Each structure stands twice: as C-alpha cells, then as structure tokens.
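4 protein chains.
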Amino acid sequence: MAQNRVGLWLIGAFGGVGSTVALGLCAMARGLVGETGLVSSLPLFEGLPLPAAGDFVIGGHEIRKTTFEEAVEEFRAASGVFERDWITACRAELDEASRRVRPGTTLGAGPTIQKLSTWAPDDSGLSPRAVIDRLGADLDAFASSEKLEHVIVLNVSSTEPPFPAGPALEHYSALEQALKTSKDPVAPASTLYAVAALERGYTYINFTPSLGASCPALAELAESTNALVAGKDGKTGETLLKTVLAPMFAQRNLQVMSWVGHNIFGNRDGIVLEDPVNKSSKVVTKDRVVTGILGYKPATVVSIEYVPDMGDWKTAWDHIHFTGFLNCKMTLQFTWQGCDSLLAAPLAIDLARLAHLERLRGGRGLMRHLASFFKSPEGVEEHDYFKQFDLLADYARKARETR
Amino acid sequence: MAQNRVGLWLIGAFGGVGSTVALGLCAMARGLVGETGLVSSLPLFEGLPLPAAGDFVIGGHEIRKTTFEEAVEEFRAASGVFERDWITACRAELDEASRRVRPGTTLGAGPTIQKLSTWAPDDSGLSPRAVIDRLGADLDAFASSEKLEHVIVLNVSSTEPPFPAGPALEHYSALEQALKTSKDPVAPASTLYAVAALERGYTYINFTPSLGASCPALAELAESTNALVAGKDGKTGETLLKTVLAPMFAQRNLQVMSWVGHNIFGNRDGIVLEDPVNKSSKVVTKDRVVTGILGYKPATVVSIEYVPDMGDWKTAWDHIHFTGFLNCKMTLQFTWQGCDSLLAAPLAIDLARLAHLERLRGGRGLMRHLASFFKSPEGVEEHDYFKQFDLLADYARKARETR
Amino acid sequence: MAQNRVGLWLIGAFGGVGSTVALGLCAMARGLVGETGLVSSLPLFEGLPLPAAGDFVIGGHEIRKTTFEEAVEEFRAASGVFERDWITACRAELDEASRRVRPGTTLGAGPTIQKLSTWAPDDSGLSPRAVIDRLGADLDAFASSEKLEHVIVLNVSSTEPPFPAGPALEHYSALEQALKTSKDPVAPASTLYAVAALERGYTYINFTPSLGASCPALAELAESTNALVAGKDGKTGETLLKTVLAPMFAQRNLQVMSWVGHNIFGNRDGIVLEDPVNKSSKVVTKDRVVTGILGYKPATVVSIEYVPDMGDWKTAWDHIHFTGFLNCKMTLQFTWQGCDSLLAAPLAIDLARLAHLERLRGGRGLMRHLASFFKSPEGVEEHDYFKQFDLLADYARKARETR
Amino acid sequence: MAQNRVGLWLIGAFGGVGSTVALGLCAMARGLVGETGLVSSLPLFEGLPLPAAGDFVIGGHEIRKTTFEEAVEEFRAASGVFERDWITACRAELDEASRRVRPGTTLGAGPTIQKLSTWAPDDSGLSPRAVIDRLGADLDAFASSEKLEHVIVLNVSSTEPPFPAGPALEHYSALEQALKTSKDPVAPASTLYAVAALERGYTYINFTPSLGASCPALAELAESTNALVAGKDGKTGETLLKTVLAPMFAQRNLQVMSWVGHNIFGNRDGIVLEDPVNKSSKVVTKDRVVTGILGYKPATVVSIEYVPDMGDWKTAWDHIHFTGFLNCKMTLQFTWQGCDSLLAAPLAIDLARLAHLERLRGGRGLMRHLASFFKSPEGVEEHDYFKQFDLLADYARKARETR
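Below is the structure:
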C-alpha cells in the first residue's frame, strides 16, 4: 500500500554505509538474507508498526559519480563481503535507486572531501541559501514523484572537519540571515542538508560526527516545523566496546590508569580521516566516552590510521591498564575485527525504522531514546551502553502498551 | 565497640583468596592501601552501616599446615604482587589470625584435594555428623573466645569434584539421618562446613563451584535457623567479561556462532583443576552463562590449563566469532591478564560486608541481590552482569531510603 | 612438450588442500593469479628447470564421492576464499581432473575417517596386498593413459590415528609377507598408498602426520626402487611460527618457561581431529619442535579444537612466558589467522616441483633439503626454520651451479 | 688481577638501562642472579676470555642528580622488577659506582632533554671543544684513579633529535676546526662524548638512535686512534621481532601488504620521545627494517606513545596483513610485553664483553659482527636477525679456533 512507503534519503548514498543500506534493504525485501544485526528486529519490538525492508524507497545525494551497483561490487572486491548473487538479483532495484540519487554539495565540507568530488557542481560562488534550495528541490521532487508523504534524511557521508561555533549557529534567525548574505562559510555542508530537510518538516538523522543539526539554531528550526532529529556519530565498533566495558570497570571499582585504542582501516572514510583536521572530529567523540562513564580521566590514546589494504575491515586494538585490589596492576586487551559498513548499515536502517515509528506515534524533536546508537548522543549525557539501551527498551515497552 | 566486630571464618584460609583477604583487611585497617576493587566502597553504598576493614575478626579452617604470613610471602614471590612492607607491618595481626585457623576436613573432598592435605585429621572412619560437630565446635570456640555475636562463613577453598544429586540432599530430615549413619559419602566437605554454619544460624557464602549449601536440604536448614546464604562461584575474570560482552551481542542482534575461551594459570587451584573431575565443576559454570544470555547455544570451548610459571596470573584468551548484517563474519578477541586472588579477595570482602548489612536489616535466606558476584547465582536466572548489578543497586538505594 | 608433463597424484584429492592445489594450478596456468605463496617461485630458484603450473597432470584417490568443482565451491562458500570467476574459467580442466580421481581405501585408516567415506569400496575382507594392487593399478592406468613417464604421489588426506610400531614395519621382507597374509592390520592406509607408489619407483611425499613411508621397511623399499621420498606433516601456520620464534629466544638466551598454543578451526580435517586418537598424531609433532630448538622442555600446552563456523580459517593463539635478565618475567602473545588449505596448497605444489627437479638431477631416497616444509622432517634433526631454509637455499645454489 | 679490570663508562648512567647494568653486574658478581638474557653467555662463547661480571668497573656521565641506588629503587617501585634484597646486598658497590659518575653535558641534546637536566653544568657559552675536554678529563681521571688500561664508553642516554648532516661531519679536520670555533652547534651531545672517547683510543658503543659516532668524521677519528666502534640503537623488543618475522614472510613468498606497529610505554625515555622531534629519530630506524628485509615497501605505521602508568613495560601490538596463495588475505598479530631496560641491559653488557674480547684479539674500527644487537647496524646492510646472528656465530667460532 502506498501509505506504507517510507522515503529514505541518504546523504553520501554511494559510500560504504549508503550502498550497503541499499543492497541490504533490497536483499532483505527479496528474502535473500535475514535480519541479523538489526536491533529493531529484536523481540522487544514485536508487534510495533515498523516499516519492512520493502517499504523503503531510496534516494539520496552524492558527490561521486557512480551507481549503487558499482559501489557494492567495488566494496565486494575490496573487502570480501556480500555474495555476488545478491547483487545480480537486486540489479533492477539498485538501478532504480541509483537514478534517484542527485548531485550533492561540497560547500563547507573542507578540502579533503572536496578533492573526492567528481559529481557535485561548483557551488563556491553561490550563497548557502541557494545551495539549500537546490538540495531541497531534490527532496521535493523525490517526495512528489514517489508520492511520499514524508522523507527521512540520513547523513552517512564522510566526516567533515570540526566547524567552529559561531553566533550564526546560536539562533535560527541569525543563521537564516547569514545563509542568504554571508560570504564566509556560515555552516558546513552537513548543516546545509539538515536545513533543507528540517525546514520541510522532514526527519534528519546524523550518523556521522559532522555538525549536521547539532547546534541551537537547527534545534530551533526543528521545533518550528515539528521535525524529528537524532544524532550523532553511529556507535559501531571500538567505541561500542568502550561503552560496554567501561561500566564494568566502574561498577567493580577497578581504577583504569590508561585506555589506549588504535584503529586501522582502509575504506574511503579512511582517506578523509587521513586529513588530521577531519580526523580530529572523530577522535574527540571516541575519546570522551570513557571519561564520561568512569567519572575521571585516565591516560588515553586514540588513533585512527588509514591502511589501504584493510579495506572496510576496521581493526581496533585496545589496551586497558587498570589497578585492582592492593594496587595490583592488571590488563585487558581486545582486538575487534569488524567490517565497518556492515556494522553501520543495519543501525542506519534501525534508525530509519524507529524514526518512522516515532512519527506514527506523534513524536517531535530530539529522539533521546535512540542514544544507544550514537557515540555522541544528542540530549543524553549517559554513555553507558546498557543504560542507553534501557532507554530504548523502556520506549519499546511503552510503545507496545499504548498501541 | 565490641558490637562492631564481625567474625569472618574462611574455609581454605591459607589459600590465595583467603590469605589475600587477611592481608588486605589488615593493610586497609592500617591505612596502607586504599579500597580500589571493593564494590561495596562505591558511592552507591555511602552512608550504609557496612563494617570497616578493622571490624573483621578472621579465623578459618584449612587442610595445609602453614600461616598467613608464609602464605602471602610465598604468593608475593611467585606472582610479584604485594609490597613486602605491608606484610612486615601486618605481621602481628596475621600471626593472631593464623592462630585462629583450625584443621579442616577432606571427607568427601575427592582424592586430588586429599593429596594436598598436610594438616586435616584422618576423618575417614568417622560419620559425617561427627566431622560436622568437630567443625562446629571450632566455630563455637571462635565466637566465644572472640565474643562474637555472629559469624560469616566464607568458602574460598579449592574446587571439589561435582557431587551427584541424591535423595539425601533433597530433604533435611533425610540428610540429617544419613549424616549420622551412612557409610557412603552423603555430601561433599563443602556441604559439611555449610551444615555446621547454618545449623548455628551463621551466614554461609560459597565463593567456589563446590556444592556447599546449594541443595534443597540445606535451603530447608537455612530457613529453619533464619540463616543468610549466598553463592556460588565468584565471578572474577573471564566469566565476568562473558557476562558483560554477551549482552552487547544480544542487544545488537549479532549472532554469536562460537565463543572459545582458553584460560591458563598456575596457582594451587590450578593443581586441583588439573584433575579433570574437579575441573568439570568449573567448566560447567563458566560455559552456561553465554547461552543463558544469548538465548541460544553457540559452539563453545572452555579450557582451563595449569601452567605453573603463570602463578596466580590467570590469563584468558577469548575468541568470539559472530555474524553481522548480510551474513558478514566478524571477530572479537580479548586477552585478560588478571591476578586471580587479587580479583577475588575484594569481592569476598564485599560479600562479607553486604551479608553483615543484610543481617542488620533483618534479612534471611538467599541473598539474591548479590547475584552479580557469582558465576552461578543461586535463585537468579539472569546472567547479564549489568542486570545483576541493577539488583544490587536497587537494593542499596532501598537500604539507604529505609535507614 | 609431452616430456614436460608431470603426473601429480593426490591422496585425498577432493579435500581442502587437494582441491586448492587443483584449482590453483589451473588458475595459475590460465594466468588468473600470480605465484604468491610459492617458495619455489623465489628468485633463489630462477633458471632451474622447475615444472610450470600447466605442466602438471592431476589425478588422485579419494574416499568421498564429489568433484573438484563441488569441493572448491563448497570451500568458497564456507570460508570466503577464491573468486567464483576462477572456478568458472577453470571448469573444463577441473572436470577432466575430477574424472581422473579414483576411489581410495579406508583400510587401516581408523573409524573416524571410515565414517567420512562415501566412495571407498569395502576393503575389510581383503588382504592389504590386494588393496595395494588395486591402488597401484590406478597409478598405472593414470601413467599409461596420460603418457606419463613418472608420477609424484602426494598425501594430503586426513590425519590417521597413530599406528603402533611393530616388527612388520622394521623390514620390507617382513612387511611384504604380512601384507599378503596377516589378518590384523599391519599398516595404516597411508602406508598402503606409499607402498603402491614406491614399488613403482614413484615419488612419495607425505604432507600429513600419518605414518606413510616413515618406517624402516618403506625406506628399504624406496632404496630398492630408487624412489624419492619426503615428509612429513606440512608446516603451514602455528608450528611454522614456533620454529621461527623459538630460535630468537634461544639466541637471546631468554628462558622460555611455558609455551601455550591453542588452535581452533572448522574444516573437514577438524572433524577427524575431533577424535582424540587422530588428534594425538598431530599434537605430538606440533609440540616437539619447541623443545628441539630450545634444548630444554618448557611447560607446553597444545590444543586443537574443532569449531565448525571457523571453516578453513585456522586461528591460533600462542602465549609464550619467558624469563629475561634478573629473573624478569615477560610475555609474547601472537594470534595467527590463516586459511589452512591456502597455506598448505602452495607448499604442496612446491614439493612437487622440487621433487621433479631432484629427479631430473638424478637424486634418490630421502630429500633432506625439503626439511623447512615439514613439522617432522624425515632425516633431519634441525627444527630451526631458518637453518632448515638454509639447507634449501644451499641446494638451490648448488643446483644452479651444476646446470 | 688488575689486568682483568674493565672500565665501563655509561653515558646516561642513572637511566633505566644504565642503572640496570650497574645493579645487574653487581648482583651477578655476588651470585644473586644467573646469566639469563646474556647472549655472550651462550655455549657459543665458551672458553673465550670474556670479562666476568665482577671484572667491570663502572663510571659514567649523567645529567640528573641522583644515585644508582635511588634509580633502581625508583625503577623497582614503578615497574615491579628487581628484588629489594638485591639492592640491599649491592648497596656498597652501587655507592662506589655512583661516586664515579660525573655531570655530563646537554650541549646540542635538544630542549626536551635539556629540561630533564638537574646536574649538567650550563655549557651554552662554551665551545664544543671545551666541553669535550671536560668530558675527556673525567674519562682520564676514571682510568687513572681506577688504574684502567682501557675504557669502554657506552651510550645509554635518551634519544636526541635527528641532527642534520653538514660538512663538518664529513671530515674530521673540518669537525676539529668547527668544534673550536663554531658558534652554531656543530654536533649533538652524543657526538661530543664520542669524540672524547675516540680521541683517547677508547671503545665507543652507541646503544641509542642518536648520532654518536655515526658520521664520516668520527669514523676517520676512530681509524686514526685504532679505536673500536659499534652501533647503533639496541634491538630489544618490537624491532627484534620484526627482524625475526619478516624473513619468514620473505622466504615463504607471502606478500606483506601492511605492517602496523603500535608501542606504548611510560619510562623516562618515553617523556623524551613525547617530543615528536626526538621521536622521529626512533621511528625511522624502527620502520626501515621491514622494507630492508622484504625488498619492497608495504604500508607501514609505527607509533610510540608515552603512557605513564606503563612504566618500563614496553607493550607493542603489531598487525601484519599479508596475501598468500590465490590472493587470500591473512593476518598475524602479536603483543609483546617486555620490560625495556631489562631487555636492553644484558645486551649492553654483552656489547661491552664482546668489545673487550675484540680488543684482546687486536681488532680495530667498526665491529660489524655485532650487527644482531642493533636496529641500525653500522656497516651492515643485512636486517634479517638470523643472518646477523650468523655473523656473530662465525666470529665466535673463529675466535675459538684461533685461541
């Protein structure tokens, strides 16, 4: 039924996460694969009106000229994931979805991302407002041609450099003005996409550490349009483990002296993170969680290194040195070998499904119950993964009770 | 004040855990070391009438002829823990405590433990009841000479072989009869100690996987004397991590295909666990938790190997192989390098402190709120460490509210 | 040219190693893949008349009814290796090779291997000699129909249980007699294949820990027919590392206290090694090397566990605990994640190429210069990998000088 | 006998390596500890006239005001090594040795090292020659008061920043001139010490990556005085493993795609290496060895991070990603947990013993046979540890034959 169709607009559509989301939804809809990795498929959510894989209509923005099929085939070859049979079987759907992807913008995305662009128009002479209007027109055309009542905009593009806080980001009236007139960049690309979504009342979810909607001005905008918002920075691997293990040290009163984490990986995101400025956005959110949970700051090292042959396989080594009873020094080490996009994609789908549910339930504003999905959960101080998950479980229980 | 003195009777007093408890309490009482590693020293318990380190009076049973001082010095030399200065400073208290340790029993403890004995009398001709009476007389003498109103009996001795369930363990009346007359062993040594404690209304806590009070007959006995009971098998290292990490896999809907855990260590407990029969008691409790949390049984391997040069340093390597989205196979490995007795001793002290608190609050029977301390928590099905900890936190909050 | 065609007869042809050898030779011959992993392709061997990939004609014995194509496709699906394109491209060659594979025997192979058989005839009523004659007839037919002047027989089948030494294995005259008349098994299956090869003057190479030609009786036989022999037990992963790292400890005068090695994997070989009797053959050769290199016996643990979901990915965790200067205890741990058949297959091809070279050079008997390929090198006491490799390098240099 | 007394002059005497050398020699001389960790105590060197532990007379230069006893006690407390009994037993010898340590220089050692100085005089107004003369006078006084015929000068001080090559370092005549007159620093501190040693014909050994005697000018100087020289940068832990493992990959024709190495540690050397300039000296030598052995450059990451709570325990995680047969990607990871000074000190003693032997044998100039001790062996291109060791073994065999 048409009313079940959910528009899912991916910023960075042909990237690792975006293209895995596309292939994954198609393959699930065809029954080729199961729902392993989807939090929203846990028994906890049984009976709730979550959209099925086949209910999603995919579109998006992208700065590199390619297609979903090429992207997943490249990914398969580099990282040894996916069955080629799935790609073959889903070719028609992927082609359709590829045709719904439109050129994005690199305005304010920083030089390293700009270098990757092969498709985004040169927006350097335009006002941010003009760019937003172009992006927004793409959203409108998507909704209209696909007869979608609503669109969920999901940022799965590369990490931007940190964007300095400024007065224009404090109030939407100031930002609105600056977008029209300022010659300086007043907001990064991720925020331009967010404005385009939120001013239409569309849901905006930020799976990256980029600024997106994470400033008072955009919170104001979302409130004024009753839009739903969630973010930021999907918690997929090493940081997930930090927020799982740190509570154990805290609750056992073991004193963490140092927590060292080294990450290596080789996907396109890695090229962007080679730029130390872009990397700094990521390291900050990865580092903060341990201190937040323990209540004190141990010595920490967080590194992310680009090692091309690793492909999408994010390998993390963490070394945790702690003091126990009678000053005894002990060690926990772990090695995490996860395929980053395959960890991220199901969470991105979960977020879209749960945002849809929240909209059906009449929600608006920040979705705090989604904190467990994010490294830097907006509006939630808690970093303990299990306490964050309790927020989600409570939400699900209430949603089931109030059906 | 005399009323603050808490009798702590250690079964297996001169073992790694027992002697670390003794040294630890003395060193804390003297202010030589802090309270790192003590769960009961978390802010959660602030303001509750928990006994201080100096409030404990230590005694115990043991089957090897040695002293606390010799035991901790031997431990220091083998495992590189403790400062010799602490031992020197605490010599007088340790000597006093050593004099309060009495020969235990090996009746029903199995041949491997019996081989370690250099001090336990030959009880093989006696009825279990006669042995219980001797052990109980030691408890009475301890309480009387130290003017203790109550005694907490804590089993920190070596792991016994599994003891087959039988009708005598089902009802206390049957057991009572069998203890007097049976020529077959009707209960293992750990249970004889438990009977001696519980029939006096004393608290019995089982930090080992041995049977102890974990049978219907002893539950009946405890009820009849209003005694407090907790157990069993302290959750100190690798299993703790299993119960911390498995919930993450469950909540992220990641399918664990196999969980392999190899443990190596070289303390005296290791000699006992070299006997495959004794080892089987341990492996069962270590293995069960993962299945309990996940709700399905992945392939599992659990090994415990005695490697003498490791001393008390329990090193565990766990390899967790799981399937994520789109059948992608990923891996988490961890290596845990913990000093086993130094991890166990503070938990043993916690249990004694919290049992004392519960007694002050008028509690009786099974202390289910202590589940987070045990691999096989009696009376609690939940294995998720954080849900177990919630039980404790709820308890502490209530205790503070009702003061 | 016909004279370049080299007959390669694989015992256990459709197993992981055998089928990877087949696919690998075809894919190399077609130029689809390079020579990475082949020792015999090092510059060291340049200019020597080694056979090329396309020179080999493959046949073999097998006890399971399948084909090379099915075997490599099953392997691909379970372990995520190979490109399907290669299989498609090589289909014709693989089909031809599959047709050259004949039913083997399970006589004397032990019950666990016998259970795997779906194709081997029931030889239980036959004399070993009758079985040898059948196997030999297959070799003759292969040589004749393919016009091969010589055949290299390579054992890559599953590990048999250890076979007890007996008088019949001491002298070929005694063995010859017993093969005809004895009702007891006088030799394991691997030895029957070896007799069939050696009595024809064919080369026999044992890549497994099974007995094969490793007894005085077969050495005598080989000598009488001028046959070439090498073995046993290919050194592919964890044991290779042991023989690489142990010399470092020895040469740095660091005292190894314990060397613990745990291996997990899930291929068909794993099912056979689940049987503790078959496993014992393997563990013995894996354990011996460390002591051989160090000159003293540290505490050792060697385990091999079958974990089905691991597929062909042999993962080993080794923990080496050693004493340095001033009694300081230190640790080296490694984790090896190797695809076993992909490590073994190129070495098997190397052995065939180098055996062919040695035949061209007029060699006979034990090929001691191949020691670096084996866990238990026949006729060589040295276990230090680099000293073993020096034997090979010296051989190659001499071979180049005497061309 | 007086003629057996060997002067050992430690630059950086009170550092981790220097003070461990001092304690180690004293403890060995008293028979408190064995010779584990000493390469020169291998059977290979039996019968050669190597000095015994008690033959060494220790002196040195240092920039921090402390004593050997304080240094080793501080080390013991921070890193949990040494028995306090040894320190007590060796107090008299350590005191004597401490009195023979003289203030060094920080001229040209860079700002980070200069900040650590609490004892070195302010040499900033002096010519390098004046400083050399002061340092040389200390050496003369040591030799004269201790009646030493010869002195071995061993640099075990902190790593200096890289020093740019310049014309003054090309020819000794130019350097000699510049040392007297130049206002710019013409050479780092390590080179000033080396000049003082070499112009007296004393042996100079550089255990650090600093410049020391590694320039043509000083090679000329050494030649003119027949002095012995060796260096540079002791190969103690992670780099040792690289030079042990890389040959295996090369000889098995496995293609290393990336070799990532992360090092964490917390000793004083770590404070110096926190300065990225000083660190760069170290990373260069650590990185070069892999490429040198493989013959091609894989992607590499080398990091050294200062984590204070690690003390002297250098923990390294290396991740080696390689391609095997049929493009199969595999992984080897290792974790090395070594106490750095305890690994370095015996090698420093070995170098002194072997330098003494070479002097007895009439040697002069660069001691190439000591390559296996160094990350950047002077005069030797070979990085393969075992080939380097062969140089030493050949030397030892010859020395034994020509006695």
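Residue numbers (the working numbering), protein chains in the order written: chain A, 1 to 403; chain B, 404 to 806; chain C, 807 to 1209; chain D, 1210 to 1612.
Beta carbons: idealized from backbone N, C-alpha and C, even for Gly.
Note that the structure is predicted; figures quoted are calculated from it, not measured.
- Around the beta carbon of Glu1044(C), 16 or more other beta carbons lie within 10 angstroms, which makes this residue buried.
- Asp1331(D) has a beta carbon lying at 8 Å or more from every beta carbon in chain A.
- A Cβ of chain B is located within less than 8 Å of the beta carbon of Ser41(A).
- Thr965(C) has its alpha-carbon roughly 42 Å from the corresponding atom of Pro346(A).
- Per the Cβ contact rule, the segment 409–422 of chain B is in contact with the segment 557–571 of chain B (3 or more Cβ pairs under 8 Å).
- Residue environment analysis places Leu1482(D) among the buried positions, since at least 16 neighbouring C-beta atoms fall within 10 angstroms of its C-beta.
- Selection Ala1561(D), Ser1467(D), Ala1350(D), Leu1541(D) evaluated against Cys1145(C) yields Leu1541(D) as nearest (Cα-Cα).
- For Leu332(A), no alpha helix (DSSP H) encloses it; the enclosing beta strand (DSSP E) starts and ends at 329–339.
- Between the alpha carbons of Ile696(B) and Thr646(B) lies a gap of roughly 8 Å.
- Ala456(B) is not a Cβ neighbour of Thr509(B), given a cutoff of 8 Å.
- Bounds of any beta strand (DSSP E) do not take in Trp119(A), whose DSSP letter is neither H nor E.
- Note that the C-beta distance between Glu73(A) and Phe14(A) is not below 8 Å.
- Along the segment 652–703 of chain B, the beta strand (DSSP E) occurs as fully enclosed runs of 3 or more residues at 658–668, listed in sequence order.
- Between Val957(C) and Leu945(C), the C-beta spacing is below 8 Å.
- Contact residues of the segment 1456–1479 of chain D toward chain C are Pro1456, Met1457, Ala1459, Gln1460, Arg1461, Asn1462, Leu1463, Gln1464 (C-beta to C-beta distance below 9 Å).
- Counting only runs of 4 or more residues that sit fully inside the segment 464–530 of chain B, the alpha helix (DSSP H) segments are 471–482, 487–492, 494–502, 514–519, in chain order.
- Val1242(D) places its beta carbon 8 Å or farther from that of Ser1550(D).
- CA-to-CA, the gap between His665(B) and Arg756(B) works out to about 33 Å.
- With a cutoff of 8 Å on beta-carbon distance, Thr1129(C) and Leu1060(C) are scored as near each other.
- Boundaries of the alpha helix (DSSP H) harbouring Tyr1201(C): 1191–1207, taken from the DSSP string.
- Linking Ala544(B) to Ile461(B) through their CA atoms gives a straight-line distance of about 13 Å.
- Annotation for Lys1441(D): no beta strand (DSSP E) segment contains it, and DSSP assigns it neither H nor E.
- Arg1006(C) is the residue among Gly1037(C), Arg1006(C), Leu1017(C) whose C-alpha sits nearest the C-alpha of Ala1028(C).
- Of all alpha-carbon atoms in Tyr202(A), Met257(A), Trp317(A), the one lying nearest the alpha-carbon of Gly363(A) is that of Tyr202(A).
- Within the segment 1500–1517 of chain D, Ala1508, Val1510, Ser1512, Glu1514, Val1516, Pro1517 place their CB atoms closer than 7 Å to a CB of chain A, listed in sequence order.
- Put simply, the segment 1323–1337 of chain D does not touch the segment 1285–1292 of chain D. Fewer than three CB pairs are less than 8 Å apart.
- With its beta carbon less than 8 Å from one in chain C, Gly80(A) belongs to the interface.
- Here Thr1434(D) is exposed. Its C-beta has fewer than 16 other C-beta atoms within 10 Å.
- Short of 6 Å from the beta carbon of Cys26(A), and not among the five residues preceding or following it, lie these beta carbons of its own chain, in chain order: Cys90, Glu93.
- Under a 10 Å Cβ-count criterion, Thr112(A) is classified as buried, with 16 or more other Cβ atoms of the shown protein chains found around its own Cβ.
- Contact between Val692(B) and His786(B) holds: CB atoms are separated by about 4 Å, below the 8 Å threshold.
- Taking a Cβ-Cβ cut-off of 7 Å, the neighbours of Cys731(B) in chain A comprise Val81, Cys339, Leu342, given in sequence order.
- Taken through DSSP and simplified to helix, strand or coil, Val1242(D) comes out as coil.
- Between the C-alpha atoms of Val705(B) and Ala316(A) there is a straight-line separation of about 25 Å.
- In the DSSP assignment, Lys314(A) falls within the beta strand (DSSP E) that extends over 313–323.
- Cβ-Cβ separation between Leu175(A) and Ala396(A): approximately 35 Å, too far for a contact (criterion under 8 Å).
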